[in-house]
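Undergrad:
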Amino acid sequence: MHHSRIGQATALAFAKHGITRLALADVNPDALTASIAALEESCPQVEEVLPLRMDVRKSGEIKEGVARAAAKFGRIDIARVIDINLNGAYRCHKEEIGVMVGQEDLGFRQGRGVIINVASVYGLVGPQNPIHQSAYAAAKHGVLGLTKAEANSYASDNIRINAICSGYVTTPLIMDHLAADPQSPVHQQVDLTPMKRMATAEEVAENIVFLASPMSSFMHGAAIVVDGGFTSF
6 MHHSRIGQAT
16 ALAFAKHGIT
26 RLALADVNPD
36 ALTASIAALE
46 ESCPQVEEVL
56 PLRMDVRKSG
66 EIKEGVARAA
76 AKFGRIDIAR
86 VIDINLNGAY
96 RCHKEEIGVM
106 VGQEDLGFRQ
116 GRGVIINVAS
126 VYGLVGPQNP
136 IHQSAYAAAK
146 HGVLGLTKAE
156 ANSYASDNIR
166 INAICSGYVT
176 TPLIMDHLAA
186 DPQSPVHQQV
196 DLTPMKRMAT
206 AEEVAENIVF
216 LASPMSSFMH
226 GAAIVVDGGF
236 TSF
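Going by my numbering, the first residue of the sequence shown is number 6, and it counts up by one from there.
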């Protein structure tokens, strides 16, 4: 998970909505430590947190992490794949779905599991700065294609797969970048956004919780757009 601020906000959102057992995966051990500390401070009702250092470029680490989570908690109900390229998303799906298809089906509102891919508005539209962002946009278009293809493949197993597409989010990394570079193309995207701001990590996280919940039980192969109107033109 590269946007660790979004990852932390999502963990907190799930905890505040009643989830008491969480597995957190990140390539950055410091981000894992910070997320666990935030959960301990804000959500004392959380019973267990399993930290997993995971590099999605390495299939072995994904396989080991998913296996550890399944062994610890007995099943994997919700998997969130964030800000990685198409190959990384595919590797994560392969291991997560491998566990989910063997789980008990809890009925049409909950099923065998839910996967949420965190994509991007650049999975829907082309970037304004294609020289620097064309590869990123191509990967995010691919993630949305994977979302739809696997949603069709695993609907009969009652595994729901959806995506969320956000624009830039007010993470510390982005804010530092904007302060250091007044000419950054990020400023241009904010100017082109009707709401004239970026999303907060919490706004993205709450939509992820919605996609994971029974409230979205008939949403499948879909993408929720959280972009302040950027793609409305």
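Think of the CB as a built atom: it goes at the ideal place given N, C-alpha and C, for glycine as much as any other residue.
Predicted model only: the values in this text are computed from it and were never measured.
1. Any idea if MET220 is buried or exposed, counting beta-carbon neighbours within 10 angstroms, 16 or more meaning buried?
2. Go ahead and label GLN13 buried or exposed: buried means 16 or more other beta carbons lie within 10 angstroms of its beta carbon, across all protein chains shown.
3. Need the endpoints of the beta strand (DSSP E) that SER171 sits in, please.
4. Measuring straight from C-alpha to C-alpha, what distance separates GLY65 and MET59?
5. Around the Cβ of PHE19, are there at least 16 other Cβ atoms within 10 angstroms (buried) or fewer (exposed)?
6. Tell me the residue span of the alpha helix (DSSP H) that contains ASP232.
7. Among all the DSSP beta bridges, which residues are the ones paired with ARG85?
8. Would the stretch 162-177 and the stretch 221-236 be scored as touching if the rule is three or more Cβ pairs under 8 Å?
9. Given this structure, state the Cα-to-Cα distance separating ILE213 from ALA28, to the nearest angstrom.
10. For ALA43, which residues of its own chain have a beta-carbon under 8 Å away from its beta-carbon, when the five flanking residues on both sides are left out?
11. Is the beta carbon of PHE235 closer than 8 Å to that of LEU178?
12. Tell me which same chain residues have a C-beta within less than 7 Å of the C-beta of ARG114, skipping the five on either side of it?
13. My understanding is that VAL119 touches ILE67, with C-beta atoms under 8 Å, so please give their C-beta distance in whole angstroms.
14. Tell me the residue span of the alpha helix (DSSP H) that contains LEU178.
15. Could you tell me whether the Cβ atoms of MET200 and THR175 are closer together than 8 Å?
16. Just how far apart, CA to CA, sit GLN194 and SER125?
17. Helix, strand or coil for ALA28, going by three-state DSSP, please let me know.
18. Could you give the first and the last residue of the continuous beta strand (DSSP E) run that contains GLU56?
19. Identify which residue in VAL130, ARG96, ALA144, ILE102 has its Cα closest to the Cα of ARG80.
20. Does the beta-carbon distance from VAL54 to ALA75 come in below 8 Å?
21. Provide the residue(s) that pair with PHE61 in DSSP beta bridges, ordered along the chain.
22. How far does the alpha helix (DSSP H) with ASP196 in it extend, from its first residue to its last?
23. What whole-angstrom Cβ distance do ARG96 and ILE164 have, given they're in contact under 8 Å?
24. What is the DSSP secondary structure of ALA204, counted as helix, strand or coil?
25. In or out: ALA72 buried (at least 16 other Cβ within 10 Å) or exposed?
TA: Taking the coordinates as given:
1. exposed
2. buried
3. 164-171
4. 9 Å
5. buried
6. First-last for ASP232: undefined, no H or E at that position.
7. ILE121
8. yes
9. 16 Å
10. GLN13, ALA16, LEU17
11. no
12. PRO219, SER222
13. That pair is no contact at about 18 Å.
14. 177-185
15. no
16. 13 Å
17. strand
18. The displayed chain sequence assigns Pro, not Glu, to residue 56. Here the beta strand (DSSP E) through PRO56 covers 53-58.
19. ILE102
20. no
21. The amino acid occupying residue 61 in the given sequence is Val; Phe does not appear at that position. BP columns for VAL61 are empty, so no partner.
22. 190-197
23. Not confirmed; about 17 Å, so no contact.
24. strand
25. exposed
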